[in-house]
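Visitor: Sequential numbering from 563 applies to the sequence shown in the numbering used here. Cβ atoms here follow ideal geometry from the backbone N, Cα and C, with glycine treated the same way. What follows is a single structure, and I will ask about it in a moment.
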Amino acid sequence: MEKPEVKPVGYALSGCTHDSLIFVVMEEARVKFNHFYFIEHPTNPSSWVLVRTYRIQPYNPEMITGRTGPLAGKKGRKAEYGKRLEYTVAFAEILGYYDGKGKWRMMEVAPSPWDLVYEPSEEALKRFFIPKAREREVLLLEIGKVRGTNIPVYIDLNSIAKGHMFVAGMTRSGKSSFIINMVAKSSRLKPRPRFIIFDIRGEYNSLRKYGAKILPYTEFTPAITDPNIIADKLELKGRERSLLIEAIRSLQNEGVRINRNNILTKVREILNQGVIYKTVKSQEKALSGIEWFLENKGTFIDKQNEPLDIIREIKENHLIIIDFSVNTDIEAQQRTAKYILDRVRNYAMERKDYGDFACIIAIEEAQYFAPERGAEV
563 MEKPEVKPVG YALSGCTHDS LIFVVMEEAR VKFNHFYFIE HPTNPSSWVL VRTYRIQPYN
623 PEMITGRTGP LAGKKGRKAE YGKRLEYTVA FAEILGYYDG KGKWRMMEVA PSPWDLVYEP
683 SEEALKRFFI PKAREREVLL LEIGKVRGTN IPVYIDLNSI AKGHMFVAGM TRSGKSSFII
743 NMVAKSSRLK PRPRFIIFDI RGEYNSLRKY GAKILPYTEF TPAITDPNII ADKLELKGRE
803 RSLLIEAIRS LQNEGVRINR NNILTKVREI LNQGVIYKTV KSQEKALSGI EWFLENKGTF
863 IDKQNEPLDI IREIKENHLI IIDFSVNTDI EAQQRTAKYI LDRVRNYAME RKDYGDFACI
923 IAIEEAQYFA PERGAEV
């Protein structure tokens, strides 16, 4: 970057750290709150380091307690003689820089006193945000403007697909609106990126106009194969629970379909062996109890179908919204979320050498999909 594209606006003061810059503003310069500025890297002067101001504070040594300024103010007079001693101090966070390979780095050392602080031109700032070395590797989406300039702010969708992004904020702060706007604007990009959205409150219906396909999460819910989870959902306890688990495991070992009739038949076979329950009366009572739970709480066992293939769906539709608002079955929702995430991740790993598949998954209210500690998912 050429020096004419930046102009000095201040000098670093003592007390700077690797992530915090304090500088005095030059007399004729104007430094603004929440604007971007540059410093030269202390050990690599060819690299510009980006900083952002978060506080600007004037300082007059004659207007501190114990000096003549406050005494004059007390009498209703203005001590103008201290005005020439006044200066402005700006505080900035040091954000980072691009190294010689185009990788974003955090600052490793603190600026030294008397290091110059520069205000970049719009063109210089634009080139910093979008270095030529990275132009071929990125899929940029404009999401706004740099404060006080016409410089577009971009988000790199390729970087999101390769890693993670956390969108946080207070209630009604615009988190969902940010995702909706990002996905809507992405529909105009070439190549068009793929999105899967976990919609827990039914807030993303407006994306239909951009080609979104909305499917209830139950279409992707895999069958329950863990006998313990089936017993949990039936709310069985004690020996009846152990009997049910043994019956399901026996059916799995025999390769028999898991449904309520087959489970009940296998329970009878195990009871007839007289190992768990010794007397006929206790066997009949256990069988009756399990039969009641299967009939009244086990309808989910017979309804388990082959889930839709999320890979096929996302290849046919660039935007898939998984609607989790259709019911409140937390266990089924967590199981479905795990199935979808595992399927997409595994397929992406299979295709990584070909570079022909990428997908961004937006998880609304992610805390609802995080299982409790010790839970089996």
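Spell out a yes or no on whether the region 667 to 687 and the region 568 to 578 are touching, meaning 3 or more CB-CB pairs, one atom from each, closer than 8 Å.
Guide: Contact holds: three or more Cβ-Cβ distances are below 8 Å.
Visitor: Whether or not the region 883 to 896 and the region 752 to 762 are in contact is what I'm after, with contact meaning three or more pairs of Cβ atoms, one per stretch, closer than 8 Å; do they touch?
Guide: Yes, since at least three Cβ pairs between the region 752 to 762 and the region 883 to 896 fall closer than 8 Å, the two stretches touch.
Visitor: Of the choices 600, 649, 618 and 608, whose alpha-carbon is the least far from that of residue 624?
Guide: The shortest Cα separation from residue 624 among 600, 649, 618 and 608 belongs to 649.
Visitor: Which runs of the alpha helix (DSSP H) spanning at least 4 residues fall entirely within the region 641 to 686, listed in chain order?
Guide: Complete alpha helix (DSSP H) runs here, min 4: none at all.
Visitor: Taking only the alpha-carbon atoms, compute the straight-line gap between residue 887 and residue 730 and give it to the nearest angstrom.
Guide: Rounded to whole angstroms, residue 887 to residue 730 spans 21 Å at the Cα level.
Visitor: Please confirm if the region 739 to 754 is in contact with the region 842 to 862, defined as three or more CB-CB distances below 8 Å between the two stretches.
Guide: Flag = no, the region 739 to 754 and the region 842 to 862 do not touch.
Visitor: Could you tell me which of 775, 768, 593 and 724 sits nearest to residue 617, measuring between CA atoms?
Guide: Considering only alpha carbons, the answer is 593.
Visitor: Let me confirm a value: residue 861 is counted as buried when at least 16 other C-beta atoms fall within 10 Å, else exposed. Which label applies?
Guide: Its Cβ having fewer than 16 others within 10 Å, residue 861 is exposed.
Visitor: What are the complete beta strand (DSSP E) segments, minimum 3 residues, inside the region 878 to 902?
Guide: Listed in chain order, the complete beta strand (DSSP E) runs (minimum 3 residues) inside the region 878 to 902 are 881 to 885.
Visitor: Under 8 Å between the Cβ atoms of residue 687 and residue 598?
Guide: Result yes, Cβ atoms of residue 687 and residue 598 sit closer than 8 Å.
Visitor: Shortest alpha-carbon distance to residue 605 belongs to which of 659, 870 and 856?
Guide: It is 659 whose Cα lies nearest to the Cα of residue 605.
Visitor: Considering only C-alpha positions, which residue in the set 800, 791 and 868 is nearest to residue 892?
Guide: The shortest C-alpha separation from residue 892 is found at 791.
Visitor: Among 620, 681 and 761, whose alpha-carbon lies nearest the alpha-carbon of residue 924?
Guide: Out of 620, 681 and 761, 761 has the C-alpha closest to the C-alpha of residue 924.
Visitor: How about the region 867 to 878 and the region 799 to 815: do they share at least three Cβ pairs that are nearer than 8 Å?
Guide: Contact between the region 867 to 878 and the region 799 to 815 is absent, because fewer than three Cβ pairs lie under 8 Å.
Visitor: Out of curiosity, what's the CA-to-CA distance linking residue 595 and residue 719?
Guide: Roughly 29 Å separates the two Cα atoms.
Visitor: So the candidates are 653, 612, 586 and 611; which of them puts its Cα closest to the Cα of residue 622?
Guide: The residue with the shortest Cα to Cα distance from residue 622 is 586.
Visitor: Only counting the same chain, and skipping five residues up and downstream in sequence, which positions put a Cβ closer than 6 Å to that of residue 774?
Guide: Same-chain partners within the cutoff: 881 and 883.
Visitor: For residue 778, which of 611, 610 and 899 has the nearest alpha-carbon?
Guide: Of the listed residues, the one whose Cα sits closest to residue 778 is 899.
Visitor: Is it buried or exposed for residue 929, if we count other Cβ within 10 angstroms and need 16 for buried?
Guide: When all chains shown are included, residue 929 counts as exposed.
Visitor: Would you say residue 919 lies against chain B (beta-carbon separation less than 8 Å)?
Guide: No chain B appears in this structure, which consists of one protein chain only.
Visitor: Among 872, 889 and 913, which one has its Cα closest to the Cα of residue 905?
Guide: Closest option to residue 905, Cα to Cα, is 872.
Visitor: Reducing DSSP to helix, strand and coil, say where residue 830 ends up.
Guide: Residue 830: helix per DSSP, three-state reduction.
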